[in-house]
Every structure is written in structure tokens, then in C-alpha cells.
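Encoded as C-alpha cells, the structure appears first; notes follow it.
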Amino acid sequence: MSSIIAKDLTKKYGDFVAVDHINFEIEKGEIYGLLGPNGAGKTTTINMLTGLTLPTEGDAIVAGYSVRKQPLEVKRRIGWISSEVILDDELTAWENLEIQAKLQEVKDWKERALQLLDYFGIKEFKDRKAGKFSTGMRKKLEISMALLNSPEIIFMDEPTIGLDVNTRVSMWNLIKQINKDYSVT
1 MSSIIAKDLT
11 KKYGDFVAVD
21 HINFEIEKGE
31 IYGLLGPNGA
41 GKTTTINMLT
51 GLTLPTEGDA
61 IVAGYSVRKQ
71 PLEVKRRIGW
81 ISSEVILDDE
91 LTAWENLEIQ
101 AKLQEVKDWK
111 ERALQLLDYF
121 GIKEFKDRKA
131 GKFSTGMRKK
141 LEISMALLNS
151 PEIIFMDEPT
161 IGLDVNTRVS
171 MWNLIKQINK
181 DYSVT
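Numbering (full-length UniProt numbering), first residue to last: 1 to 185.
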């Protein structure tokens, strides 16, 4: 069963073609990477698949829903980690999770948040401001936020950017473990 099906997915900005009729299929539970040089359209593709921007042409089915016709249903079933930092440094880890829960309308989020913080080994820091976290701890908090709504699929745009080599290896191992433990694509 496919988690994501892209059909002639295209994004144009005026005369500039950022993504040109791409087609692919990602099976449930698969870890899939979009590779290419800067400007190749990787982030634009992720933005279309997550419903952040509509395709100019084509469509994608994500978690069983069209990104064109049912973007809200897509957003309810996915987690997303931006290449940009999305944490509010002035808020605690717990407060960042609370805002994420409200944005995603996650009921009974507190128990799930505690489980995730424990899973990532940062539970004892839940009352610390995110701005005081190391880069690795920040990534773990961002992943916790992405998993808060129990998504079927997680999108990660450059998940290891800014991490040192050892932390980068640890992060890839963590991504594989999350895929296994949480059954997400």
C-alpha cells in the first residue's frame, strides 16, 4: 500500500519551473529521500506534499488524500520538520509542544508529549527554554512536535542540517528507530 503517490507534480513560479512533472510512489513504512543540488526543487516538492503550497499541475495522494482537493485532511495525517528552526526560544519545551498541540487540534496531548520527551531522552528538560537547548536537543524537540499528532507520515526537510558528524549519524539512526517504533513513513 502506498503512503504517497505523486502524479505529474509540477510547480511553476511565473516562467520558472521549480518542479517539472515528477512521478513517484512511496510505500507505507518506507524511508525515502529526495536528493539533488540546491535549487533542484526538493523543498518545493515537500511543500506541495504537505499542503503548504498547491501544485501548478498534477496532484499527489498523501495518506489517502489529494493535496489539491483535501489539503486539510493531508495536514491532519502528517508530521513536518522544516529545515528552518520552528521552535520559540523564549518558550519552554513543554510550551512549544502545547502550541503545536493546539495548532494541530491534538486532544489529550499531554500524555503523548511526556512519552515522546521520554523516548528522546529530554523529558527532564521539559521546563527549560528551548533557546537553552543544544542543537541535537532542539532537533529531538522538533521531532517530538512532529510526532505529537501520531502521524502516518513525517516529512523532514534537511533534518541533519547544522549538526556535527557524530550527531548527524545519531540522528539518522534515530530516524530509522522512529520509523520502526512508530510505524511511520
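Beta carbons are placed, not taken as given, at the ideal position from N, Cα and C, and that holds for glycine. Predicted, not measured: the structure shown is a model, and the values here were computed from it.
Practice prompt. Please list the segments of the beta strand (DSSP E) lying wholly inside the segment 98-172, counting only runs of 3 or more residues, in order along the chain.
Written response: Counting only runs of 3 or more, we get 153-156.
Discussion item. Rounded to the nearest angstrom, what separates residue 90 and residue 161 at their Cα positions?
Written reply: Along the sequence shown, read from residue 1 onward, the residue named residue 90 stands at position 90. Along the sequence shown, read from residue 1 onward, the residue named residue 161 stands at position 161. Cα to Cα, the separation comes out at about 22 Å.
Worksheet entry | Whole runs of the alpha helix (DSSP H) within the segment 20-73, excluding any shorter than 4 residues | Counting only runs that start and end inside the segment 20-73, the alpha helix (DSSP H) elements of at least 4 residues fall at 42-49.
Worksheet item: Between the Cα of residue 130 and the Cα atoms of 96, 154 and 101, which residue gives the shortest distance?
Response: Numbered from its first residue, the sequence shown carries residue 130 at position 130. Sorting 96, 154 and 101 by C-alpha distance to the C-alpha of residue 130 places 96 at the top.
Practice prompt. May I have the straight-line CA-CA distance separating residue 144 from residue 113, to the nearest angstrom?
Written response: Within the sequence shown, residue 144 is the residue found at index 144, counting from 1. Within the sequence shown, residue 113 is the residue found at index 113, counting from 1. Each residue's alpha carbon lies about 7 Å from the other.
Discussion item. Just to confirm the assignment, what range does the beta strand (DSSP E) spanning residue 79 have?
Written reply: By one-based count along the sequence shown, residue 79 stands at place 79. Where residue 79 is concerned, the enclosing beta strand (DSSP E) stretches over 78-81.
Practice prompt. Would you tell me roughly how many angstroms separate the C-alpha atoms of residue 39 and residue 18, rounded to the nearest one?
Written response: Here residue 39 refers to the residue found at position 39 of the sequence shown. Here residue 18 refers to the residue found at position 18 of the sequence shown. Pairing residue 39 with residue 18, the inter-Cα distance amounts to about 8 Å.
Worksheet entry | Rounded separation between residue 22 and residue 42 - CA only | Taking the first residue of the sequence shown as position 1, residue 22 is located at position 22. Taking the first residue of the sequence shown as position 1, residue 42 is located at position 42. Roughly 11 Å separates the two Cα atoms.
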